[in-house]
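**Student:** Mind the numbering: the sequence shown is residues 0 to 72 in numbering that gives the first Met the number 0, read in order.
C-beta: ideal position from N, C-alpha, C; glycine also.
The structure displayed is predicted, hence computed values, not measured ones.
Quick one: the structure is below, and I'll ask about it shortly.
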Amino acid sequence: MVTNTRDFLRSFTVYKAKARKGETIRVQEKECEYLFTATVPRKSLLGSAKGKIEFQDDLTKPTLPKEGWRPSL
Numbered sequence: 000m001v002t003n004t005r006d007f008l009r010s011f012t013v014y015k016a017k018a019r020k021g022e023t024i025r026v027q028e029k030e031c032e033y034l035f036t037a038t039v040p041r042k043s044l045l046g047s048a049k050g051k052i053e054f055q056d057d058l059t060k061p062t063l064p065k066e067g068w069r070p071s072l
């Protein structure tokens with residue numbers, strides 16, 4: 000679907016519902032064009048960070064001795 004900026008802002012809720020249903024909205028201006036689509040958020044932090052975080056140590060074992068861990072609030 001193609002629209003202009005003014006109509007997009009006036010009818011944002013309508014276009015948001017269409018994007019949620021899988022439609023891509025093209026908002027055209029003189030200089031450029033914007034694409035408005037809906038995405039599904041990732042369910043876990045690890046899933047969204049997959050491939051971006053590298054672990055160097057084994058995190059299944061404690062990394063500090065019991066005396067070294069003193070949390071404070």
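Taking Cβ to Cβ, would you say Leu-34 is nearer than 8 Å to Thr-23?
**Tutor:** Sequence index remark: in the sequence shown, residue 34 carries index 35 (1-based). Sequence index remark: in the sequence shown, residue 23 carries index 24 (1-based). Yes, they are a contact pair.
**Student:** Taking the alpha helix (DSSP H) that Val-13 falls in, what are its first and last residues?
**Tutor:** Sequence index remark: in the sequence shown, residue 13 carries index 14 (1-based). Note, Val-13: alpha helix (DSSP H), 11 to 19.
**Student:** Rounded to whole angstroms, what is the Cα-Cα separation between Glu-66 and Thr-12?
**Tutor:** Looking up residue 66 in the sequence shown gives position 67. Looking up residue 12 in the sequence shown gives position 13. Cα-Cα distance, rounded: 56 Å.
**Student:** For Thr-62, does the three-state DSSP call read helix, strand or coil?
**Tutor:** Mapped onto the sequence shown, residue 62 falls at position 63. The answer is coil: DSSP assigns Thr-62 none of H, G, I, E or B.
**Student:** Which residue marks the beginning of the beta strand (DSSP E) containing Thr-36, and which one marks its end?
**Tutor:** As a position in the sequence shown, residue 36 is number 37, starting the count at 1. Looking at the DSSP string, Thr-36 is not in any beta strand (DSSP E), and its letter there is neither H nor E.
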